[in-house]
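*Asks:* For the protein sequence lines, the chains are A and B, in the order given.
With this note's numbering, letter number 250 in the first sequence gets 250, and the count goes up by one each step, no holes.
With this note's numbering, letter number 36 in the second sequence gets 1036, and the count goes up by one each step, no holes.
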Amino acid sequence: MTAPDLRVDLGRGLILPNPVGLASGTAGYGFELRQLIDVDRLGALFTKGTTLHPRDGNPPPRVAEVRGGMLNAIGLQNPGVEHVASAYAPEFSRWGVPVVVNVAGGNVEDYLQCLDRLERAEGLAGYELNISCPNIANGLDFGRDPAAAGRLVAAARSRTGRHLMVKLSPNVTDIAAVARAVEEAGADSVSAVNTYVGMKIHRGIRAPVLPGRGTGGLSGPVIKTLALAAVAEVRRAVRIPVVGVGGIMDAGDALEFLIAGADAIQVGTATFVNPTASLEVLDGLTEIATRAGVRRLRELRGPALPAMPPAGIEPASTG
Amino acid sequence: MSGPVSDLGRARDESGEVVAVEGLDGGMVEITARLPHLAATARPGEFAQLRAWGGVDPLLRRPFSVAWTAGELCSFVLEAVGAGTRLLVGLRPGDPLQALGPLGNGFPLDPVPVRAVIVSGGLGCAPFPLLVRELRRRGCADVIVLSGAATASRLYPAARFRRGEDSVRVVETTDDGSRGRRGLVTELVADACDETAAVYACGPNPMLAAVARTLQRLARPPRRAHVSLEAPMGCGFGTCLGCALPASGGGWFLCCRQGPVREVSEVDWPGLLALPPAHVA
Ligand SMILES: Cc1cc2nc3c(=O)[nH]c(=O)nc-3n(C[C@H](O)[C@H](O)[C@H](O)COP(=O)(O)OP(=O)(O)OC[C@H]3O[C@@H](n4cnc5c(N)ncnc54)[C@H](O)[C@@H]3O)c2cc1C
Ligand SMILES: Cc1cc2nc3c(=O)[nH]c(=O)nc-3n(C[C@H](O)[C@H](O)[C@H](O)COP(=O)(O)O)c2cc1C
Ligand code: FES
């Protein structure tokens, strides 16, 4: 048995050494997790959402556990792009793991200024445009409107030659339309999905647990089924690589995302439960590929998913 | 945000085994497990993220103070308040227990002996047996524990604060007067303090806020005063940013990294008291 080739070419120079990344917002900027696990073995590290100006984030409580998952309303707490570019990026260039900066903003100009500053920094493998953060006012607008998403990505495209990934929101009626719009606007890849909007009610105080509107982003195993459907739908809609994320706890879950059409995956909430989860996913996938005797990961995928539902079968609907 | 941060370089994820589960009065349980790394490295006021279940419900680990260490053994003191703690108190000797730690910044300790005033409210007792031992090791001759609870059965046993350090004084109060002095433990704080004292407090937020208020009014404030706080946690090691608590002067600090121990003046007390209760009824 020969060792499988785990590399994933996401395009425009971003070649991941393997398909397992750490999801944005679950690994900070890598500094803490590096003290706990060998982050350099991973395929990529997606940073916390980074904005033009520093953000303090939302008032507590910011996290709440629900059955099979968790809600978060962090509010994009981050030190701002200047700090990331000047203090963190030089560190990233010394690391073995490719670091992709997740970029968030309230309007197009914010995103562009953020990118302009990052463009002057070395040590970055690419960008993941977060057009889907549910926790700041207006954060969802780009993610919900294909035309607005397209305009943002076209503008971002004109500012960088680095890899440009776009993180899709699942809180939309037609995720495929947004995926197509960002592909046409020049995105190199898409990641799917961000968190689902959810709410937990505190029966004792007869109010939501999370403050403000009471909603937060739902993540963890409870969203895996939904995320798989979203990834499969995006896969059918675009030709660019798709990075799958949502509820991956182990290598079996990761394999399911590859089968649904993902080229690579991200491990998020699982890291909180088990800091080594991402490495275990990587080792598990490697073992699965080795045992299956495949040389390339994509051979694990099996037959392609049908582009259209077979005649006579209704598209999935509840009822 | 200033102040010491947790030393993640010492943290390790360990698969341990429960060796004893002791029920105390009033629903408190002390769980002892073989966790050699945690036992060898934990300092007073640090905590571990525990998991004693597979599957996804409960999902996240739960944070608990390291209450005691002996050889390869670590003890935790807790009570069943929700799904996770119910599973933990139901553990039996031989059951597996996963522990990530030590985490958190722990109590600051003076290189020279000080007068130590420990203020413990209910389950806030958890970090103090280890602290008492460390203070005594550092030569603190004068260690007093002010231990309060709603009623006698909910007081952490005085002998468990001391664990053989018989010179340590434990003064008890209960809200209903069923043991010790009737009243709130905070009422004893002023008398126990002088400018040579180092104060360490852990308990419900209203109690800690009362300690802070009391200390503020003292003509001769203690040399320093620290509180140990709680927040719901996602990770426990600084990556989720979920455990923010309000800092004096605005903004937040992360309970798991820049806490759980804070100097009293670093906490925005009105902000903390305005937070909703942690537990879902
Ligand atoms: C640093 C630290 C040290 C602690 N040490 C101890 C200890 O030694 N003994 C002890 O009995 N308890 C301790 N706690 C509190 C303990 O972690 C919670 O009671 C426990 O997480 C509740 O879990 P549950 O599943 O039983 O309750 P649930 O209410 O079902 O928990 C639901 C969610 O809320 C979170 N949560 C609820 N209440 C709290 C709380 N008060 N603090 C933090 N998270 C909460 C849980 O982590 C979980 O994610 C500590 C908390 C912190 C932050
Ligand atoms: C605490 C927390 C913070 C997050 N912050 C971000 C963020 O800043 N930017 C982003 O694009 N996604 C963020 N996410 C979403 C994750 O990257 C991921 O898309 C989502 O959690 C689903 O994956 P999971 O179920 O494996 O966690 C965050 C998720 C969590 C749990
Ligand atoms: S619990 Fe995740 S940052 Fe503190």
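Ideal Cβ positions, reconstructed from N, Cα and C, are used throughout, including at glycine.
Kindly list, in the order they appear in chain B, the residues whose Cβ is closer than 7 Å to that of D56(A).
*Replies:* Along the first sequence, one-based indexing puts residue 56(A) at 56. Near D56(A) (Cβ distances below 7 Å), the residues of chain B are G1251 and W1252.
*Asks:* What does a CB cutoff of less than 8 Å around E280(A) pick up in its chain, not counting 5 residues either side in sequence?
*Replies:* To locate residue 280(A), count along the first sequence from 1; it is residue 280. D250, A251 and N274.
*Asks:* Based on Cα-Cα distance, which residue from G1055(B), R1012(B), T1085(B) and F1047(B) lies nearest to L36(A)?
*Replies:* As a first step, residue 36(A) must be located in the first sequence, where it is residue number 36. With distances taken between Cα atoms, L36(A) lies closest to R1012(B).
*Asks:* Taking the Cβ atom as the reference point for each residue, do A227(A) and G247(A) lie within a distance shorter than 9 Å?
*Replies:* Taking the first residue of the first sequence as position 1, residue 227(A) is located at position 227. Taking the first residue of the first sequence as position 1, residue 247(A) is located at position 247. Yes, Cβ-Cβ distance for A227(A) and G247(A) is below 9 Å.
*Asks:* Hey, A264(A) and V243(A) are a contact pair by Cβ (cut 8 Å); roughly how many whole angstroms apart?
*Replies:* On the first sequence, residue 264(A) is found 264 positions in, with the first residue counted as 1. On the first sequence, residue 243(A) is found 243 positions in, with the first residue counted as 1. Yes, A264(A) and V243(A) are in contact; Cβ-Cβ is about 5 Å, under 8 Å.
*Asks:* Please report the residue range of the alpha helix (DSSP H) in which A1198(B) lies.
*Replies:* Taking the first residue of the second sequence as position 1, residue 1198(B) is located at position 198. Note, A1198(B): premise wrong, no alpha helix (DSSP H); beta strand (DSSP E) at A1197 to C1202.
*Asks:* Taking the beta carbon of V234(A) as the centre, do at least 16 other beta carbons fall within 10 Å, making it buried, or is it exposed?
*Replies:* Here residue 234(A) is taken as the residue at index 234 of the first sequence, counted from 1. Buried, since its Cβ has 16 or more Cβ neighbours within 10 Å.
*Asks:* With DSSP run on the structure shown, which of helix, strand or coil describes I342(A)?
*Replies:* A query on residue 342(A) cannot be resolved here, the shown segment of chain A reaching from 1 to 319 and no further.
*Asks:* Expressed to the nearest angstrom, what Euclidean distance is found between the alpha-carbon atoms of L1035(B) and L1218(B)?
*Replies:* Position 35 of the second sequence, counting from 1, holds the residue named residue 1035(B). Position 218 of the second sequence, counting from 1, holds the residue named residue 1218(B). Whole-angstrom Cα-Cα distance: 42 Å.
*Asks:* To the nearest whole angstrom, what separates the beta carbons of L1123(B) and C1256(B), a pair I think is in contact under 8 Å?
*Replies:* Walking along the second sequence from the start, residue 1123(B) turns up at place 123. Walking along the second sequence from the start, residue 1256(B) turns up at place 256. Actually they are not in contact, since the Cβ atoms of L1123(B) and C1256(B) sit about 18 Å apart, beyond 8 Å.
*Asks:* Roughly how far, in whole angstroms, is the beta-carbon of T26(A) from the beta-carbon of T271(A), given that I think they are within contact range, below 8 Å?
*Replies:* Counting from one through the first sequence, the residue named residue 26(A) turns up at place 26. Counting from one through the first sequence, the residue named residue 271(A) turns up at place 271. Their Cβ separation, rounded to whole angstroms, is 5 Å, which keeps T26(A) and T271(A) in contact under 8 Å.
*Asks:* Less than 8 Å separating the Cβ of F46(A) from some heavy atom of ligand 2?
*Replies:* In the first sequence, residue 46(A) corresponds to position 46, counting from 1. Yes.
*Asks:* Check this for me: beta carbons of K167(A) and S132(A), under 9 Å apart or not?
*Replies:* Walking along the first sequence from the start, residue 167(A) turns up at place 167. Walking along the first sequence from the start, residue 132(A) turns up at place 132. Against a cut-off of 9 Å, the Cβ pair of S132(A) and K167(A) comes out as a contact.
*Asks:* Which same chain residues, not among the five before or five after G28(A), have their C-beta less than 6 Å away from its C-beta?
*Replies:* For the purposes of this step, residue 28(A) is taken as the residue at position 28 of the first sequence. Contacts found: K48.
*Asks:* From G186(A) to V153(A), what does the alpha carbon distance come to, in whole angstroms?
*Replies:* One-based indexing of the first sequence puts residue 186(A) at position 186. One-based indexing of the first sequence puts residue 153(A) at position 153. Answer to the nearest angstrom: the Cα atoms are 7 Å apart.
*Asks:* Residues in the same chain with beta-carbon distance under 6 Å from P952(B), minus the five sequence neighbours each way, listed in chain order, please.
*Replies:* Missing from the structure shown is residue 952(B); chain B here goes from 1001 to 1281 and no further.
*Asks:* Against chain A, with Cβ distances strictly below 9 Å, would V1056(B) count as a contact?
*Replies:* Reading the second sequence from its first residue, position 56 is the one you call residue 1056(B). Yes, V1056(B) counts as interfacial toward chain A.
*Asks:* Tell me which residues share the same chain as H1279(B) and place their Cβ nearer than 8 Å to its Cβ, disregarding the 5 neighbours each side in the sequence.
*Replies:* As a first step, residue 1279(B) must be located in the second sequence, where it is residue number 279. Unreliable positioning characterises H1279(B) in this predicted model, as indicated by a pLDDT of 49, which lies under 50. The coordinate reading is nonetheless provided below. The answer, listed in chain order, is V1081 and G1082.
*Asks:* To the nearest angstrom, how far is it from the Cα of E1195(B) to the Cα of A1033(B)?
*Replies:* By 1-based counting over the second sequence, the position of residue 1195(B) is 195. By 1-based counting over the second sequence, the position of residue 1033(B) is 33. Going from the Cα of E1195(B) to the Cα of A1033(B) covers about 39 Å.
*Asks:* Considering just the uninterrupted stretch of the beta strand (DSSP E) at H1226(B), what are its terminal residues?
*Replies:* Position 226 of the second sequence, counted from the first residue, corresponds to residue 1226(B). R1224 to S1228 is the span of the beta strand (DSSP E), which, as asked, contains H1226(B).
*Asks:* Within the stretch 207–245 of chain A, note down every full alpha helix (DSSP H) run reaching 4 residues or more, in order along the chain.
*Replies:* List check, alpha helix (DSSP H) in window: 224–237.
*Asks:* To be precise: take each residue of the stretch 1035–1052 of chain B, compare its Cβ to all Cβ atoms of chain A, and keep it if any distance is under 8 Å. Which residues remain?
*Replies:* Hits within the stretch, in order: R1051.
*Asks:* Closest to R117(A) by CA distance: which of D145(A), G143(A), H83(A) and V99(A) is it?
*Replies:* Position 117 of the first sequence, counted from the first residue, corresponds to residue 117(A). Selected option, being the one with the closest Cα: H83(A).
*Asks:* Does G1234(B) get closer than 9 Å to chain A when you measure Cβ to Cβ?
*Replies:* In the second sequence, residue 1234(B) corresponds to position 234, counting from 1. Yes, because at least one Cβ of chain A sits closer than 9 Å to the Cβ of G1234(B).
*Asks:* Going by DSSP, what residue range makes up the alpha helix (DSSP H) through T290(A)?
*Replies:* Position 290 of the first sequence holds residue 290(A). T290(A) -> alpha helix (DSSP H) spans A277 to A292.
*Asks:* Going by alpha carbons, who is nearest to T225(A) out of V193(A), L210(A) and I240(A)?
*Replies:* Walking along the first sequence from the start, residue 225(A) turns up at place 225. Nearest option by C-alpha distance: V193(A).
*Asks:* Which residues of chain B have a Cβ atom closer than 8 Å to the Cβ of V273(A), listed in chain order?
*Replies:* Taking the first residue of the first sequence as position 1, residue 273(A) is located at position 273. R1051, L1059, L1060 and R1061, listed in chain order.
*Asks:* Any beta-carbon of chain A closer than 9 Å to the one on C1125(B)?
*Replies:* Taking the first residue of the second sequence as 1, we reach residue 1125(B) at position 125. So no, C1125(B) is outside the interface.
*Asks:* Can you tell me whether E1079(B) sits near ligand 2, meaning its C-beta is under 8 Å from at least one heavy atom of the ligand?
*Replies:* Here residue 1079(B) refers to the residue found at position 79 of the second sequence. No; taking the cut-off as 8 Å, the Cβ of E1079(B) has no heavy atom of ligand 2 nearer than that.
*Asks:* Comparing the CB of F1076(B) with every heavy atom of ligand 1, is any distance shorter than 8 Å?
*Replies:* The residue you call residue 1076(B) lines up with position 76 of the second sequence. Yes, the beta carbon of F1076(B) sits closer than 8 Å to at least one heavy atom of ligand 1.
*Asks:* Got a sec: which bits of the stretch 59–90 of chain A sit with their beta carbon under 8 Å from any beta carbon on chain B, in order along the chain?
*Replies:* Flagged, chain order: P59, P60, P61, R62, V63, A64, E65, R67, G68, G69, M70, N72, I74 and Q77.
*Asks:* Given 8 Å as the limit, tell me if A1126(B) has its C-beta closer than that to any heavy atom belonging to ligand 1.
*Replies:* Taking the first residue of the second sequence as 1, we reach residue 1126(B) at position 126. For ligand 1, at least one heavy atom lies less than 8 Å from the Cβ of A1126(B).
*Asks:* Between the stretch 201–214 of chain A and chain B, which residues of the former have CB atoms less than 9 Å from a CB of the latter, in chain order?
*Replies:* Hits within the stretch, in order: I201, H202, R203, G204, I205, A207, V209 and P211.
*Asks:* Count the CB pairs spanning the stretch 1135–1144 of chain B and the stretch 1108–1122 of chain B that are closer than 8 Å, and state whether there are at least three.
*Replies:* The stretch 1135–1144 of chain B vs the stretch 1108–1122 of chain B: in contact.
*Asks:* Just the chain B side, please: which residues come within less than 8 Å of A27(A) by C-beta, in chain order?
*Replies:* Mapped onto the first sequence, residue 27(A) falls at position 27. Within 8 Å Cβ-Cβ: T1239.
*Asks:* For the stretch 1267–1274 of chain B against the stretch 1235–1242 of chain B, do three or more pairs of beta-carbon atoms, one drawn from each stretch, fall closer than 8 Å, so that the two count as touching?
*Replies:* Judged by Cβ distances under 8 Å, the stretch 1267–1274 of chain B makes no contact with the stretch 1235–1242 of chain B, as fewer than three pairs qualify.
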